[in-house]
Each structure stands twice: as structure tokens, then as C-alpha cells.
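Peer 1:
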Amino acid sequence: MKPAFTWSCSDSLIEIFTHRGERSPDPTWQTLSHKGTIASIEYRIRVLCDKNYYNKTCKKYCRPRNDSFGHNTCNENGDKICLEGWTGKHCMKAICLAGCHPTQGSCEVPGECNCTDGWQGPLCDQCSLYPGCMHGTCREPWECNCARNWGGLLCNKDLNYCGTYQPCLNGGICQNTKPDEYSCTCPKGFSGGNCEIIDRDCETNPCENGGTCVIAANGVSCICAPGWTGSLCETDIDECASNPCMNNGWCEDQVNGYKCHCRPGWQGAQCQLDVDECKDSTCVNAIYCRNLQGSYECQCQAGWTGKNCDMNIIDCVGQCHNGATCVNLVNDYRCQCRPGFTGRHCDAAINGCHSLPCLNGGVCHDLNDGFRCECPSGYVGLQCQIAINLCQQNPCRSGSTCYDMRGDFYCHCQPGFEGKTCEKKKKICPNGSCEG
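With positions in the sequence shown counted from 1, the corresponding number in our numbering is that position plus 5.
#1: What residue does the alpha helix (DSSP H) around Y166 start on, and which one ends it?
#2: Does the Cβ of H266 have 16 or more other Cβ atoms within 10 Å, making it buried, or fewer, making it exposed?
#3: Considering only DSSP beta bridges, list what E47 is partnered with.
#4: Quick check: what's the CA-CA separation for Y166 versus N150?
#5: Does L395 come out as helix, strand or coil in the three-state DSSP assignment?
#6: Is it the case that the stretch 130-149 contacts the stretch 196-203, given that we only count it when at least three CB pairs across the two stretches are under 8 Å?
#7: Can you list, in chain order, the residues of its chain with a C-beta nearer than 7 Å to that of T182? Leave out the 5 residues immediately preceding and following it.
#8: What residue from S286, A99 and G156 has the CA that sits closest to S73's CA?
#9: Using DSSP bridges, identify the partner residues of Q332.
#10: Roughly how far, in whole angstroms, is the beta-carbon of Y384 from the beta-carbon of G412, given that I think they are within contact range, below 8 Å?
#11: For a cutoff of 7 Å on Cβ pairs, would you count N57 as touching chain D?
#12: Per DSSP, what kind of secondary structure is A152 in: helix, strand or coil?
#13: So, using beta-carbon positions, are K85 and C101 closer together than 7 Å?
#14: Going by beta carbon distance, what residues of the same chain come within less than 6 Å of G441, once the five residues before and after it are set aside?
#15: For the beta strand (DSSP E) that contains H76, what are its first and last residues?
#16: Short of 8 Å in beta carbon distance, which residues of its chain neighbour H140, apart from the five on each side in sequence? Order them along the chain.
#17: At which residues does the beta strand (DSSP E) containing T23 begin and terminate?
#18: List the endpoints of the continuous beta strand (DSSP E) containing T190.
#19: Could you please give me the residues that DSSP links to G141 through a beta bridge?
#20: Could you give the DSSP three-state label for S382: helix, strand or coil?
#21: Buried or exposed: where does K7 fall if 16 or more other Cβ atoms within 10 Å of its Cβ makes it buried?
#22: Name the DSSP beta bridge partners of L134, please?
#23: Quick one: grab the DSSP three-state call for D285.
#24: With DSSP collapsed to three states, give me the class of E244.
#25: Flag this pair as yes or no: are the beta carbons of C396 and N365 separated by less than 7 Å?
#26: The beta strand (DSSP E) that contains S300, what's its start and end?
#27: Out of curiosity, what's the CA-to-CA distance linking T240 and T234?
#28: Taking 6 Å as the cut-off, is the CB of G75 close to at least one heavy atom of the ligand MN?
#29: What is the rounded straight-line gap between the Cα of S405 and the Cα of Q419?
#30: Would you kindly work out how many angstroms separate the C-alpha atoms of L278 and K193, rounded to a whole number?
#31: May I ask which residues mark the beginning and end of the beta strand (DSSP E) holding C256?
#32: Pull up the distance between the alpha-carbon of L37 and that of D16, whole angstroms please.
#33: Who does T234 pair with in a DSSP beta bridge?
#34: Smallest Cα separation from T92: which of C112, E81, L297 and G104?
#35: Would you list the one or two residues that DSSP bridges to D371?
#36: Identify which residue in C340, K40, T190 and V368 has its Cα closest to the Cα of G323.
The following block contains the structure:
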């Protein structure tokens, strides 16, 4: 193969090397070496992509920018990372103000909330009223839904003129007739469109609630009875307005007076006197009772609690063990132990065999809730105290008599029989020979 290059100083040429291959971009230096027939060489290389190019082939392009074509930086892999306030594939969509309505608001730069036509408010969630709407609201743009007692296209017609303006004077009764129109029904002694004219005659007796009518220069006037006021004595004087009841008492207004309803611990016409609750033996199980302003305090005896020391303290919590039942006492408790346990808290197991309960040679086995006796032959019962009469089973044969022997039996055989149960017939052997 012809060399890829020529060397002019052939006398100083030792050996020619050539290398051809591909390397992935990597910022670290890589060491390469080649060995020839005469000489060896070692060198370092590294491959870097041009600026704004990424991945293993340096074909992925990403350029940081903040202009009308995008708002992004680039990560180490060449992916676009949107700047704060921007989103989208190319980071060209602005993120609007938090809470901005998704369809009624929009933005061109981050943090804005520009409302579409017919909507308003910081978040574009408030509809715009019909122009000129006065006493109305809207659910959709350009509406004018009238509030109560208002009407008309612009909700500017007062349907409750009486309630809004109260035009009738001197106790006259107002009645709405049409929008912005009304009529007054006047009491005795008054007339006019608004009941503003005082009749100059006491014959109609216009004064109410026991008031006395007198003729004056400008008409008639009323001298009211105690507890009443007004031009016709029609208004009850509120004696509670001066807050006469003390210590948070509730005042009930009455004609020419008042009545105080006192809170617990207070008494008197104006709730000004402290009640001594200790005189009524309010404290039940107490060492002493101390009267306080508007209240009292009980010093409870041991084992009692509550405002009046009438609640027994529960002393049983967590005291009795091993399934025992706790009986609450006054400042004390008692544990009712299950079988097999003892002690104040039923936390000590009882050895059921300690008292040697098994009789007649029975073997005792201790149990959690007592004991069990293993009885010898001929005895039964919880403590092996019952002897079995083995003769009741008629073990003796051949007409013999049975005698019970406490755990055993004896058969008294008839002549000519033998054996435990007289089951064998005796053999007779005269002259040394036996006959069955």
C-alpha cells in the first residue's frame, strides 16, 4: 500500500504509522498506542462537538435563547430546558398568573392574565355587567339580573320604595303601589300624603297607650304615660338601653321598667349581688366549700372529683390482671381474681397442689385454674375421695359371696370352687391320681 504521505528526510524516517476509526464525543482525554516492527508510539486524543451540537454524532442542535423564537437553555444531552415562566415543546408558551381562568384569560408574557371580552377581574372570572346596570348582578357577560325589590332594564326601578325611603311619618303605614310609587295610611290625628299634617282636634283622641291629648298652637300634642314616648305615645321606651343589668345579666324590657335575668351565681334587681352557693351545701363529698364572685370552689375529699365533688374517681384503670374483675371503691379498688390467681392485683398464680388435696394416694397435677387428681384404681371424684364398690359389678361366680375391700374385692367361694372369682372347680385327686 502506498503511504498516505511522503517524508522528505528519508534518512531520518524510522517507521510510518496510519490509524483510521471513529470516536464518540467525550470531554476526557483517551490514550492510544501503536506498535510497529521497529518503533512504538503513544498519544492522547479527545473528540468534542462544535458549539450548540450534542449527542454521540454531534447532529443534535440546541441553542440557548430568550427571544420570539423560544425561551430556553440546554442541558448536557442537548434537550431544551424552558426558562422560568415558559412552557411548551419550544418554550414559546407563557405561563399565566396562577389561577387565571383557562378559557376566559390568556397571557403573552409570564404572570399576566388578560381577559377576553365580557370578563374582568385579576383572574378573569368575573362577568361584565350590562352597561348602566345599577342594582343587578350577572352570571354571564352583559347580564343585569335585578336584586330583590329592584326592576327595570337597568335594575334602577325601586319596587320597595316604602322599605328604602320610609316616607310615611308619624306612624303612617306605607304600601308599595308601583315602581317608585307608594301610598300612606295615616293614624288618628294625622293626614297628608306622608301623614305629615297634625290634626288640630283632640276629639279623635289620637294619643295612644294612655297618653293625654292637649291642644297646642301648631295643632295637638300628647302627654305620654310613664314608659311611652313619640308624638302619639306609640313608642315603648327601652329601659334596657342603658344596660342596667350587671355581671352579664340579660335585660328584658317592660312597660315603664325592665327585668334582669341573672347568670348563675348572681342575684338582685340588677344582678349586683353575689350568691353564696356554699350555704346550700352544694359541695357533696368535699373538705370545704369556698365562695367566689359569681361562683364557688369545692375542695374534694380523696377519691372524689367534679365541680360538686359528686363524681367517684375510677381507680380500676390497669390495676387487675389475668382476667380479674375490678370493683371500684371510694379512693380504692378491689380485684376479684379468677380461679388459680391471688394477690391484690391477681398477679400471683396459686399452686393448686400446695394443700395436698388428692386423697387415697391420688397424684396431684397443678393447673392454671386449680388442680387435677390422678386417682388410683378403685377411687374416683375430684379429690379421689369416692371409693368404687367393685362388688356392684357382680364379679364373683358360682354362687360365691363378694366382699368390697376399698379398691379391690374378695370372693368367698362355695365348697368345690376356687380362683379370684371362684371361676375354677377344685380338682379331687384320691390315691395320688386326679379326676377332673
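Just so it is clear, CB atoms sit at the ideal spot from N, CA and C, and this is done for glycine as well.
Peer 2: Result, derived from the coordinates:
#1: Here residue 166 refers to the residue found at position 161 of the sequence shown. Unbroken alpha helix (DSSP H) run through Y166: Y166 to Y170.
#2: Within the sequence shown, numbered from 1, the residue matching residue 266 stands at position 261. Exposed, by the Cβ-count rule.
#3: One-based indexing of the sequence shown puts residue 47 at position 42. According to DSSP, which records beta bridges pairwise, E47 is partnered with S38.
#4: Locating residue 166 in the sequence shown gives position 161, where the first residue counts as 1. Locating residue 150 in the sequence shown gives position 145, where the first residue counts as 1. Y166 and N150: Cα-Cα distance of roughly 19 Å.
#5: In the sequence shown, the residue the question calls residue 395 occupies position 390. Three-state DSSP puts L395 in a helix.
#6: no
#7: Indexing the sequence shown from 1 puts residue 182 at position 177. If we look at T182 and ignore the five residues flanking it on each side, its Cβ neighbours are S188.
#8: Locating residue 73 in the sequence shown gives position 68, counting from the first residue. Measuring from the Cα of S73, the nearest candidate turns out to be A99.
#9: To locate residue 332, count along the sequence shown from 1; it is residue 327. It is Val, not Gln, that sits at residue 332 in the sequence shown. Answer is R339, bridged to V332.
#10: On the sequence shown, position 379 is the one that residue 384 refers to. On the sequence shown, position 407 is the one that residue 412 refers to. Indeed they touch by this definition, with Cβ atoms about 7 Å apart.
#11: Absent from the structure: chain D. Only one protein chain is present.
#12: The residue labelled residue 152 in the question sits at position 147 within the sequence shown. Correct three-state label for A152: coil.
#13: On the sequence shown, residue 85 is found 80 positions in, with the first residue counted as 1. On the sequence shown, residue 101 is found 96 positions in, with the first residue counted as 1. No. Outside cutoff.
#14: Within the sequence shown, the letter at position 436 stands for residue 441. Annotation note: pLDDT 45 at G441 (below 50); position unreliable, coordinate value reported separately. Same-chain partners within the cutoff: there are none.
#15: Start at 1 with the first residue of the sequence shown, and residue 76 comes out as number 71. That run of the beta strand (DSSP E) goes G75 to C79.
#16: Taking the sequence shown and counting its residues from 1, the one referred to as residue 140 is at position 135. Counting only Cβ-Cβ distances below 8 Å, and skipping sequence neighbours, we find C151, A152, W155, C160 and N161.
#17: Translated into the one-based positions of the sequence shown, residue 23 becomes position 18. First-last for T23: undefined, no H or E at that position.
#18: As a working note, residue 190 is residue 185 in the sequence shown. Taken as a continuous stretch (DSSP letters only), the beta strand (DSSP E) holding T190 covers E186 to T190.
#19: Residue numbering aside, residue 141 sits at position 136 when the sequence shown is read from its first letter. According to DSSP, which records beta bridges pairwise, G141 is partnered with C151.
#20: Along the sequence shown, one-based indexing puts residue 382 at 377. Residue state, collapsed to three classes: coil.
#21: As a first step, residue 7 must be located in the sequence shown, where it is residue number 2. With a pLDDT of only 46 at K7, under 50, the local geometry of the prediction cannot be trusted, and the value read off the model is given with reservation. So K7 ends up on the exposed side.
#22: Counting from one through the sequence shown, the residue named residue 134 turns up at place 129. Paired residue(s): E148.
#23: Counting from 1 along the sequence shown, the entry for residue 285 is found at position 280. Here D285 sits in helix by DSSP.
#24: Residue 244 sits at position 239 when you count from the first residue of the sequence shown. Note: E244 maps to helix in three-state DSSP.
#25: Indexing the sequence shown from 1 puts residue 396 at position 391. Indexing the sequence shown from 1 puts residue 365 at position 360. Result no, Cβ atoms of C396 and N365 do not sit closer than 7 Å.
#26: Locating residue 300 in the sequence shown gives position 295, counting from the first residue. Run containing S300: S300 to C305, per the beta strand (DSSP E) assignment.
#27: The residue labelled residue 240 in the question sits at position 235 within the sequence shown. The residue labelled residue 234 in the question sits at position 229 within the sequence shown. Roughly 5 Å between the two C-alpha positions.
#28: Of ligands this structure carries none, so the ligand MN is not represented either.
#29: Position 400 of the sequence shown, counted from the start, is the residue given in the question as residue 405. Position 414 of the sequence shown, counted from the start, is the residue given in the question as residue 419. Each residue's Cα considered, the two are about 6 Å apart.
#30: Locating residue 278 in the sequence shown gives position 273, where the first residue counts as 1. Locating residue 193 in the sequence shown gives position 188, where the first residue counts as 1. About 47 Å.
#31: On the sequence shown, position 251 is the one that residue 256 refers to. Segment W255 to Q259, the beta strand (DSSP E) holding C256.
#32: Here the question's residue 37 lines up with position 32 in the sequence shown. Here the question's residue 16 lines up with position 11 in the sequence shown. Taking the straight line joining both Cα atoms gives about 27 Å.
#33: Along the sequence shown, read from residue 1 onward, the residue named residue 234 stands at position 229. DSSP output for T234 lists T240 as bridge partner(s).
#34: Mapped onto the sequence shown, residue 92 falls at position 87. T92 has its Cα closest to that of C112, out of C112, E81, L297 and G104.
#35: What you label residue 371 is simply residue 366 of the sequence shown in a count that begins at 1. Paired residue(s): F376.
#36: Working through the sequence shown from its first residue, we reach residue 323 at position 318. For the residues C340, K40, T190 and V368, the minimum Cα distance to G323 belongs to C340.
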